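Here our numbering is used: the first residue of the sequence shown is -8, the next is one more, and so on. The beta carbon of each residue, even a glycine, is placed where N, CA and C say it ideally should be. Bear in mind the structure is a predicted one, so any value in this text is a computation, not a measurement.
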Amino acid sequence: MNRPRRQLLRLAAGAAVLSAASRFAWAQTYPARPVRIIVGVPAGSGPDVTARLIGQWLSERLGQPFIVENRPGGASHIAAEAVVRAPSDGHTLLLVSSAHAIGATLFDKPNFNFIRDIAPVASITRGALVMEVNLSVPAKTIPEFIAYAKAHPGKLNFASTSNGAASHVAGELFKMMAGVNLVHVPYRGGGGLNDLLAGQIQVMFDPLGSSIEAIRTGKVRALAVTTAGPSEALPNLPTVGQFVPGYEASLWNGVGAPKGTPAEIIDTLNKEINAALADPKLKAKFANLGYTLVASSPTEFGKLIAEETEKWAKVVKFAGVKAE
-8 MNRPRRQLLR
2 LAAGAAVLSA
12 ASRFAWAQTY
22 PARPVRIIVG
32 VPAGSGPDVT
42 ARLIGQWLSE
52 RLGQPFIVEN
62 RPGGASHIAA
72 EAVVRAPSDG
82 HTLLLVSSAH
92 AIGATLFDKP
102 NFNFIRDIAP
112 VASITRGALV
122 MEVNLSVPAK
132 TIPEFIAYAK
142 AHPGKLNFAS
152 TSNGAASHVA
162 GELFKMMAGV
172 NLVHVPYRGG
182 GGLNDLLAGQ
192 IQVMFDPLGS
202 SIEAIRTGKV
212 RALAVTTAGP
222 SEALPNLPTV
232 GQFVPGYEAS
242 LWNGVGAPKG
252 TPAEIIDTLN
262 KEINAALADP
272 KLKAKFANLG
282 YTLVASSPTE
292 FGKLIAEETE
302 KWAKVVKFAG
312 VKAE
């Protein structure tokens, strides 16, 4: 081998070592300043509380504040775009949710591609919606409800927290798979549960944490949870899928980062988040919200996002749902 070629190879090897050392040093000093966790829903909601609980844990473990910043609107699209446009240095993170998988198809010309532009970091929670009815509805089981809805096509209203929300598309999926005609009534900023209690709405697919007190006190009748398995909070309640084979709709949350965030930083965050999910005290706090903790690798979380995006795209297109 001639001398110039040997020198070139040595230089290349040295550059690779320096690059690896630089990445290692970057990970070792991360985070260098406060970290923002952008959340696409208002303060006080389930995803917001999730971000705050995880943020507190990460603050204590990594020595810098993890600050939750709420940017609601646009089916969480506004929050996602803010993170897509942020520097890829791990100091701006996204509280990823099922809303992002649904929202990927809601917009005709989105400004970004969620799967391409957000790097998955870690899964955090998985939660159920609960299919519940006003007490005036005679049905006490899913088969009875389907029969009742088919006998009264277009006469039953179902509420959602907003157009394109999980509570909306879960209802559209039920309509599609059960072959019933329910009228969707979106409520911006909530209010659907109040109208369900008052009898103006007959059925709702509501996040379990929002309705659990009304269910426990007998103010509404819960028919089933929407997850594949039973809920720890209401273990005796069946799943919709037991009567409508293949039906499943979950609320889930995790953490994402801008594309190009160094793998070492993503691995650090994944390790710490998974450690948080093993903490019994944190498990108890999430259980009170009706959530189950689900640890994952970045790859596993990315697979969930891709599968959910594909699934809800079919429902959004079938129902003709559009972003408001």
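How should T283 be labelled, buried or exposed, when 16 other C-beta atoms within 10 angstroms of its C-beta is the threshold for buried? So T283 ends up on the buried side.
Under 9 angstroms, do V171 and I137 count as touching if we go by C-beta distance? Contact: yes.
Could you tell me which whole alpha helix (DSSP H) segments of length 4 or greater appear in the stretch 202 to 278? Within the stretch 202 to 278, the complete alpha helix (DSSP H) runs of at least 4 residues are 254 to 268.
Let me know the secondary structure DSSP gives N334 once reduced to three states. Here the chain covers residues -8 to 315 and nothing more, so residue 334 does not appear.
For F196, I'd like the list of residues in its chain whose CB is within less than 6 angstroms of its CB, leaving aside the five on either flank, ordered along the chain. Counting only Cβ-Cβ distances below 6 angstroms, and skipping sequence neighbours, we find L120, M122, S158, A161, G162.
Candidates K146, R24, K305: closest to M167 by CA position: Comparing Cα positions, the closest option is K305.
What would DSSP say about I192, mapped onto helix, strand or coil? The answer is coil: DSSP assigns I192 none of H, G, I, E or B.
Alpha carbon of G200 to alpha carbon of P56, nearest angstrom: If you take the alpha carbons of G200 and P56, they lie about 27 angstroms apart.
Check this for me: beta carbons of D186 and A150, under 9 angstroms apart or not? Taking the C-beta atoms as reference points, A150 is found nearer than 9 angstroms to D186.
Does DSSP put T83 in a helix, in a strand, or in coil? The answer is strand: DSSP assigns T83 an E or B state.
Any heavy atom of the ligand GDP closer than 8 angstroms to the beta-carbon of A66? The model on display carries no ligand, and the ligand GDP is accordingly not part of it.
At what residues does the beta strand (DSSP E) containing Y282 begin and finish? Counted as a single uninterrupted DSSP element, the beta strand (DSSP E) harbouring Y282 occupies residues 282 to 284.
Compute the Euclidean distance between the alpha carbons of K313 and I28, then round it to the nearest angstrom. A direct Cα-Cα distance of roughly 27 angstroms separates K313 from I28.
Curious, which full-length beta strand (DSSP E) runs of at least 3 residues does the stretch 156 to 180 contain? Complete beta strand (DSSP E) runs here, min 3: 173 to 177.
Could you check how far apart the C-beta atoms of Q193 and V124 are, in whole angstroms? I think they sit under 8 angstroms. Contact between Q193 and V124 is confirmed by a C-beta separation of about 6 angstroms, below the 8 angstroms threshold.
Endpoints, the beta strand (DSSP E) within which F136 is located: Annotation: F136 is outside any beta strand (DSSP E); the continuous alpha helix (DSSP H) that includes it extends over 133 to 142.
Confirm, please, whether the CB-CB distance from P289 to D270 is below 9 angstroms. Not closer than 9 angstroms, so no.
Grouping DSSP H, G and I as helix and E and B as strand, with all else coil, what is V312? DSSP places V312 in the coil class of the three-state scheme, outside both helix and strand.
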